[in-house]
Structures are given as C-alpha cells and as structure tokens.
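Student: Just passing along the structure, written as structure tokens.
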Amino acid sequence: MSLTLPPITPAPMPRAPRSIVQRLRWLISDSWNVASRDLIHWIRQPVRLFSSVMYPVVSILIFGYVFGNAVMVVGGWNYREFLMPGLFGQSIVLGVGVTLVAIAEDTNRGVNNRFRTMPMSRAGYLAGRSIADLMNSTLDIVVLMLCGVAVGWTWHLGFGNVLIAFGLLMLLRVAMIWLGIYLGLIIKPENTSVVWTVLLPLTMFSDTFVSPQMMPAWLGTISEWNPLSATVGAIRELFGNPGWPGDSWVSTHPMVMAVAWPLAIIAVFWPLSVRRYRSMS
Amino acid sequence: MSSPVLFAEGLRKRFGGYYALDGFDLSVPAGTVCGLLGPNGAGKTTVLRILSTLMRPDGGRATVNGFDVARQAAEVRNHIGMIGQQSTVDDILTGRENLALWGRLYHLSAANARRRADELLEQFGLTAAGSKQVKHYSGGMRRRLDLASSFITAPSVMFLDEPTAGLDPRNRIEMWSAVRALALGGTTVLLTTQLLDEADQLADQIVLMDGGREIASGTPDELKARTGGDWIDVTVRDLAEIPAAAGVMARTAGGRLQTTPGENRVSAAVTNRQHALTDVTRALHAAGIDAEDVTLRRATLDEVFLLLTGQDLEGEEAS
Chain A
16 MSLTLPPITP
26 APMPRAPRSI
36 VQRLRWLISD
46 SWNVASRDLI
56 HWIRQPVRLF
66 SSVMYPVVSI
76 LIFGYVFGNA
86 VMVVGGWNYR
96 EFLMPGLFGQ
106 SIVLGVGVTL
116 VAIAEDTNRG
126 VNNRFRTMPM
136 SRAGYLAGRS
146 IADLMNSTLD
156 IVVLMLCGVA
166 VGWTWHLGFG
176 NVLIAFGLLM
186 LLRVAMIWLG
196 IYLGLIIKPE
206 NTSVVWTVLL
216 PLTMFSDTFV
226 SPQMMPAWLG
236 TISEWNPLSA
246 TVGAIRELFG
256 NPGWPGDSWV
266 STHPMVMAVA
276 WPLAIIAVFW
286 PLSVRRYRSM
296 S
Chain B
9 MSSPVLFAEG
19 LRKRFGGYYA
29 LDGFDLSVPA
39 GTVCGLLGPN
49 GAGKTTVLRI
59 LSTLMRPDGG
69 RATVNGFDVA
79 RQAAEVRNHI
89 GMIGQQSTVD
99 DILTGRENLA
109 LWGRLYHLSA
119 ANARRRADEL
129 LEQFGLTAAG
139 SKQVKHYSGG
149 MRRRLDLASS
159 FITAPSVMFL
169 DEPTAGLDPR
179 NRIEMWSAVR
189 ALALGGTTVL
199 LTTQLLDEAD
209 QLADQIVLMD
219 GGREIASGTP
229 DELKARTGGD
239 WIDVTVRDLA
249 EIPAAAGVMA
259 RTAGGRLQTT
269 PGENRVSAAV
279 TNRQHALTDV
289 TRALHAAGID
299 AEDVTLRRAT
309 LDEVFLLLTG
319 QDLEGEEAS
C-alpha cells in the first residue's frame, strides 16, 4: 500500500513573548511539560519505580546488617540510627548520575537541538529536568525514611526539624542537579558509566558510614571537607541521631557548611551549564 | 520577484583546522524544495545548523524570511521547523501523546494541543497508530511522526537533515510523500541528502556541494544537461561483444563513452538526439552485434557529480 498525503498547509506561528510576565509563563509551562515526560516514563516503566524502592532496601541490608553488625557504636547506640542519615545523603549525591544520564541521552538523541530550534524558553528545559529530578529524589527519600523507621531509625527532635533536614537534602540535590547537567552536556552517553565509578567512592569518603575520625588522618580530612559530610552531619543534628564529629571547624559547623557547599556548587555549575547549553551544537 | 525565504551569502564555518563551509551562497524562493546534495563532510549539515540557529557562522550572513540567523535568532525560531538525523520522538509515549506534548511545548493550550495532535495524525497518515507506543512504530512511521511534531505550529520553513537515512525503500517513499505534501501546501523545504534519487524526486532546485562549497546548482534537468544532456545505453547479449559495440557507438553517437567492468552495457553521450537512436541501432545491426536493449535517456545526477568532482557520491575515485 502506498501512502499519498493531501497538501499540508502552513499557518501563522505564535509570537515570541515580549513582556516579562509572558516570559515567566512560558518558563513555567515549558519546564512543567519537560518534567511531565519523565512522569509518564515512571508510570509506563514500573521497573524504574521498583529499583527506586529496592535501592534503599538493599542498602539497609548491606550497610545496616552485613557491615553494621561489625561496627561498634560508642554509647550503645544502634548503628542504624547513625547510618540512615548517611544513606539519605548518599542517595542524594548518587542523583548526579540520574541527572547526567538523562541529559546525555537527550543530547545524544538530538532532543536538545530540537528544543533549541523551537520558540521555547531557553531555561525551560533545564528547569524541567530539575523538577523531574527533585520529584524523583523526594520519592527516594520518603521510601528510605519509611524503610529506616522499619529497622529502628527515628527522629527525636520534632517534625519541624524533619522538614528542615528534608530542605537541606533537597538543597544538596539542586547542587547535584546542576553538576549533573554540566557533566551530562559534556560527557558522551557511552562514557557515563565512568561517573558511577567515581561517584560511589566519593559517597564513602565522608561521614556517611563511618566517622572520619576513625580514618587515617589524610583521608579523614578529605572526608570532613566532603560536601556530603556537611549535609549528613547537619541532618544528624536535626534528627537527633548520633554522630561523632571531629574538632575541626568544618565538622563543628555542619549547618553552615550544609548551606554553603550546595550554594557554592550551584554558583559554579549553573552559569557553566547555561553557557554550555547555549553554545553547544 | 519577491525576496528569497532562505538566503545565505559567503557563509564560513571553521572546525579546528579546516573549513566545513568556505564561502557558501544560497537563495531559496518561497514554497520550493531545495536539496543540498553531496558526500559526507561536504558541509550540508553545517548549512542546516546555521540556518536553524543551532550554530553561528564564523563569516558571511544568512537570513530566514528576512531575519538574520545570528542577530535575530529568536525571531527566526518562530518561522522554522527542524528534523535532525536522529528521531526525537519519545519511545515510551504514544504517537498522540508525543504530538500533544510537543504541542504544549509550542505553547498551545492543553485542549488545542490535543486537537492539533489528532489533526496531524490524520494529515500524516498515522491515525490508526495514534494510541500505540512509538516503540512499536516502523522506521518510516517514526520519521513521519517526527515531521508531524515539527509541524505543530505549521512553520513556513522546514529543515530536514537526511530525512530518509536508514529507511527501507518502502518507508522512504512514504516519507517522500509527506515531504511533497508539505511542499504542495506552500512550505519552503531545505533538505540534505546523499541520495541522488531523493534529490531528483523531491527537489525543485539542487545544490551540489563538495568541500564546503557549492560546485553546481540548478533544477535536476539543468544539472543533467551539463554532462551533455542525453545518453544512449546499449545492452549486448554477450560480454565479448562490448569492445565491438563500443567501437560502433564511438563512431555513431559521437560523445563520451562509459563502460562498467563486468557489465554488458555501453553508455555514450549523445550529440545529435534526433538521429541517435536510429543511427546506433542501424550501425549495430550492420556490424552484426546482437543488441538486447537500446535506450535513450537523460544523464543521471551520479554522472553529473562524477563529471564535476572526479568522484562519485560515496567518495570513490573514478577509474
């Protein structure tokens, strides 16, 4: 059967926005539409939801029970009370990979170039990516918290502090999104697996699983300065979970660092990403 | 005459040490199809990228509907649709969802986006497949969905970068039908291709490119006329008769001769179209050569390209 189509006629195109209000409306609708593509993917691919749920279960089993039973915690605390904030932080930092892979795929498939020839808000695509990733991470953290409660972790200082802790985690996620966007724009999709190799140790050289004080001095210093340690230290304080910070300035001021580190990362990688996105082809 | 919809003058683009474009000019009138034809690395895609605002030229200037692609890029984007070499539709979504999503990205209201999606499915012959996930589409259907998705706001200019690369012949013909439907409706189309047949079938105007420049341009017929116009093909029954047949044709047809090793066919450029066919047939008969087939035809674009560059389109040196 051969296909013969009748003439297809052009029509007037919508005008580009002129006012700031209209620009803002475009930004909001563009970013939501880009994000909604991801939401449909989740619904259609239950495998992705399943791995979102399995990751915390497996992590708690490995770190909480396989290794955790060999870890002595000072003061008779349950190791899993120490561990859970570490797992929250690790899940957030591993999100760099999620962002990066999605961006690299869109770039490779020419989707980014398509967007860039359209009368779309330039920031809309990147903002949409951020919304989708923040929703993804929210789900991950909620599932992790529920699993934590099931194995004896809890918060001791009120629900208000839980919300602040959640805010700090999401602030770190925003920083990881901009880092991921930048890396996704410069790395070819076939090389993205390298990122996991680098990322996983980086989440370990921190106070996620073990206090940096237990490490050799040089590694302990690196771990104390790891941005992940700042956020994890801060949320341990907010939850009232045990932690054994060192006496360096960074370790004793985790709250300050948990805000300063993400802001610094955003300040560097946001402009870099936007510039890269504008000039790529 | 009205000014051209697509215009380029002295375009240059440098990548590292070499010029992908080295002084390229273009002028495409409204409602016509222009084909950029050339081997890999000729600079075809670079032209498309500059005109579609993805890339800024290092030299020269270009306009779309009179808007400068470098200085008025946002305005240009209101007039163009672009289909790259890869498919940008989403596998997980259905055809209808894809079009509705792109419609929303072109800032139609949700209701309008849905209505437009249905219209486009109809126009591009995809209504029956509208509710299927795109991963179940054939290559040709996916390509047409790509085309439909960039036609949501019906731009007056469409850029197609090797629109049928990787498609089988049947799907290719379906895609051609879609491109023709756009052109019939008045859309100006600029496409790149490595396929002579495609340029011949679709383009009103062909620009032959090599090494970042135009080496020839014109209608397919004008280009074919440049090799001397008409050719006569004689097919003989036996390979051994080729030299004798070639001798006869050299005397009677008068133009350049062409043979392909291992094929029992001789081609000759014809200087006197009116008498060529009878002259050659009679001379072959008189020489006792058993010709299976004698045909008079226009030169192919392959022959034009070979003549102008000394290379065929796959970049092989002519023997």
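Same order as they appear, the protein sequences are chains A and B. Residues in the first sequence are numbered consecutively from 16, following my numbering. Residues in the second sequence are numbered consecutively from 9, following my numbering. All residues carry an ideal CB built from backbone N, CA and C; glycine is no exception.
1. If you pair each beta-carbon of the stretch 42 to 50 of chain A with each one of the stretch 136 to 143 of chain A, do three or more pairs fall below 8 Å?
2. Going by the beta-carbon positions, is the gap between A/Val126 and A/Thr207 smaller than 7 Å?
3. Let me know the secondary structure DSSP gives B/Tyr114 once reduced to three states.
4. Following the continuous alpha helix (DSSP H) through A/Trp285, name the residue where it begins and the one where it ends.
5. According to DSSP, what are the bridge partners of B/Gly6?
6. Cβ of B/Met9 less than 7 Å from any chain A Cβ?
7. Buried or exposed for B/Met217, please, with buried defined as at least 16 other CB atoms from any protein chain shown within 10 angstroms of its CB.
8. With burial defined as no fewer than 16 other Cβ atoms inside 10 Å of the residue's Cβ, what is the status of A/Thr212: buried or exposed?
9. So which of B/Glu130, B/Thr40, B/Gln94 has the shortest CA-CA distance to A/Asn123?
10. Just the C-alpha distance for B/Ala326 and B/Glu311, rounded to the nearest angstrom, thanks.
11. DSSP three-state label for B/Ile160, please.
12. Chain A beta carbons: is any one of them nearer than 7 Å to that of B/Glu325?
13. CB-CB under 7 Å to B/Ala70, same chain, minus the five flanking residues each way: which ones, in chain order?
14. Roughly how far, in whole angstroms, is the beta-carbon of B/Ala284 from the beta-carbon of B/Ala252, given that I think they are within contact range, below 8 Å?
15. CA-CA distance, B/Thr303 and B/Arg259?
16. Could you compute how far the alpha carbon of B/Glu127 sits from the alpha carbon of B/Gly133?
17. Measure the CB-CB distance between A/Val247 and A/Thr218 and report whether it falls below 7 Å.
18. Taking 7 Å as the threshold (C-beta atoms), are A/Pro277 and A/Ala147 in contact?
19. Helix, strand or coil for B/Gly89 per DSSP?
20. Check the Cβ of A/Ser44 against every Cβ in chain B and list those closer than 8 Å, keeping chain order.
21. Could you tell me which residues DSSP pairs with B/Arg390 in its beta bridges?
22. Closer than 6 Å: is that where the CB of B/Leu45 sits relative to any heavy atom of the ligand SAM?
23. Once you ignore the five residues that flank B/Gly46 on each side, which residues in its own chain have a CB closer than 7 Å to its CB?
24. Taking a Cβ distance cut-off of 7 Å, strictly less, list which residues of the stretch 123 to 139 of chain A are near chain B, in chain order.
25. Using a Cβ-Cβ cutoff of 8 Å, what residues of the stretch 41 to 67 of chain A are near chain B? List them in chain order.
26. Taking 7 Å as the cut-off, decide whether the C-beta atoms of A/Gly195 and A/Val274 are in contact.
27. Is B/Gln80 close to chain E, meaning its C-beta is less than 7 Å from at least one C-beta of that chain?
28. Kindly indicate which residue of A/Thr114, A/Ile58, A/Gly101, A/Leu214 has the alpha-carbon position closest to the one of A/Pro227.
29. Name, please, each residue of chain A whose Cβ falls closer than 8 Å to the Cβ of B/Asp246.
30. Is there at least one Cβ from chain B nearer than 7 Å to A/Pro204's Cβ?
31. What does A/Ile250 reach in chain B if we use C-beta pairs closer than 7 Å?
32. Would you call the stretch 164 to 175 of chain B and the stretch 97 to 107 of chain B touching, i.e. three or more CB-CB distances under 8 Å?
33. Along chain A, which residues have their Cβ under 7 Å away from the Cβ of B/Gln131?
34. With C-beta atoms as the reference, is A/Leu243 less than 7 Å away from A/Ser221?
35. How about B/Ala370: is its C-beta nearer than 7 Å to some C-beta of chain A?
36. Let me know the secondary structure DSSP gives B/Gly67 once reduced to three states.
Tutor: Taking the definition as stated:
1. Two segments are said to touch when three or more pairs of C-beta atoms, one from each, lie closer than 8 Å; by this definition the stretch 42 to 50 of chain A touches the stretch 136 to 143 of chain A.
2. No, the Cβ-Cβ distance between A/Val126 and A/Thr207 is not below 7 Å.
3. In the structure shown, B/Tyr114 sits in coil (DSSP, three-state: anything other than H, G, I, E or B).
4. For A/Trp285, the enclosing alpha helix (DSSP H) stretches over residues 269 to 294.
5. Any question about residue 6 of chain B goes unanswered here, given that chain B covers just 9 to 327.
6. Confidence at B/Met9 is low in this model, with a pLDDT of 49, below 50, so the placement of that residue is unreliable and no value is reported for it.
7. Burial check for B/Met217: the Cβ neighbour count within 10 Å reaches 16 or more, so the residue is buried.
8. It is exposed - the Cβ of A/Thr212 has fewer than 16 other Cβ atoms within 10 Å.
9. The option with the nearest alpha carbon to A/Asn123 is B/Gln94.
10. Legend: pLDDT at B/Ala326 = 42, less than 50; position of this residue unreliable, no value from coordinates given.
11. Coil, per DSSP.
12. Note that B/Glu325 scores a pLDDT of 48, beneath 50, so its modelled location is shaky; the value from the coordinates is reported in the next line. Not one chain A Cβ lies under 7 Å of B/Glu325.
13. Cβ neighbours of B/Ala70 within its own chain (closer than 7 Å, five residues either side excluded): Phe15, Ala16, Leu19, Ile58, Leu59, Val77.
14. The Cβ separation is near 18 Å, so there is no contact.
15. So the two alpha carbons sit approximately 17 Å from each other.
16. Cα to Cα, B/Glu127 sits roughly 10 Å from B/Gly133.
17. Cβ atoms of A/Val247 and A/Thr218: not closer than 7 Å.
18. Pairing A/Ala147 with A/Pro277 gives a Cβ-Cβ distance that is not under 7 Å.
19. Of the three classes helix, strand and coil, the one that applies to B/Gly89 here is strand, per DSSP.
20. Near A/Ser44 (Cβ distances below 8 Å), the residues of chain B are Arg112, His115.
21. Outside the shown range of chain B (9 to 327) lies residue 390 of chain B, about which nothing can therefore be said.
22. With respect to the ligand SAM, the structure offers nothing, as it holds no ligand at all.
23. Taking B/Gly46 as the centre and dropping the five residues before and after it, the same chain places the C-beta of Lys52, Leu216, Met217, Asp218 closer than 7 Å to its C-beta, in chain order.
24. Per Cβ criterion, the list reads Arg124, Gly125, Val126, Asn128, Arg129, Arg131, Thr132, Met133, Pro134, Met135.
25. From the stretch 41 to 67 of chain A, only Trp41, Ser44, Asp45, Asn48, Val49, Ser51, Arg52, Ile55, His56, Arg59, Gln60 have a Cβ closer than 8 Å to chain B.
26. The beta carbons of A/Gly195 and A/Val274 sit no closer together than 7 Å.
27. Structure shown: chain E not included; protein chains present are A and B.
28. Nearest of A/Thr114, A/Ile58, A/Gly101, A/Leu214 to A/Pro227, Cα basis: A/Gly101.
29. Neighbours of B/Asp246 on chain A: none; closest Cβ ~38 Å, over 8 Å.
30. Not closer than 7 Å to any Cβ of chain B, the Cβ of A/Pro204 fails to qualify, so no.
31. Within 7 Å of the CB of A/Ile250, no CB atom of chain B is found; the nearest one sits about 35 Å away.
32. Fewer than three beta-carbon pairs drawn from the stretch 164 to 175 of chain B and the stretch 97 to 107 of chain B are found closer than 8 Å, and the two stretches are therefore not classed as touching.
33. Within chain A, the residues near B/Gln131 are Leu20, Ile23.
34. Taking 7 Å as the Cβ cut-off, A/Leu243 and A/Ser221 qualify as a contacting pair.
35. This structure gives no information on residue 370 of chain B, because the portion of chain B shown stretches from 9 to 327.
36. B/Gly67: strand per DSSP, three-state reduction.
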